[in-house]
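Undergrad: There's a structure below that I have some questions on.
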Amino acid sequence: FWQTISGEHGLDSNGVYNGTSELQLERMSVYFNEASGNKYVPRAVLVDLEPGTMDAVRAGPF
């Protein structure tokens, strides 16, 4: 999910904007907060009772 959303908003895996569209920046706050150093971090609360699911999210590239 985060890999897809990051790509749509022009973000690399480090949260740095590399996009080409003003529209990407206008809608960035829907899924991301801007952190220091012009990086963006996901806005999310992930809840799952199965530990394997969270392990997969943590191990992902995003």
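Heads up, the sequence shown stops at 82 in the numbering used here, and the numbers go up one at a time, no gaps.
Yeah, the Cβ is synthetic: ideal placement off N, Cα and C, and Gly gets one too.
(1) Among Pro81, Asn58, Ile25, Gly57, which has the Cα closest to the Cα of Arg47?
(2) Buried or exposed, going by whether 16 or more other CB atoms sit within 10 Å of the CB of Gly21?
(3) Using the three-state DSSP reduction, which class does Ala55 fall into: helix, strand or coil?
(4) So which of Tyr60, Ser49, Tyr51 has the shortest CA-CA distance to Asp32?
TA: Reading from the atomic positions:
(1) Ile25
(2) The question names Gly, but residue 21 is Phe in the sequence shown. Exposed, because fewer than 16 other Cβ atoms sit within 10 Å of the Cβ of Phe21.
(3) Under the three-state reduction of DSSP, Ala55 is assigned to strand.
(4) Tyr60
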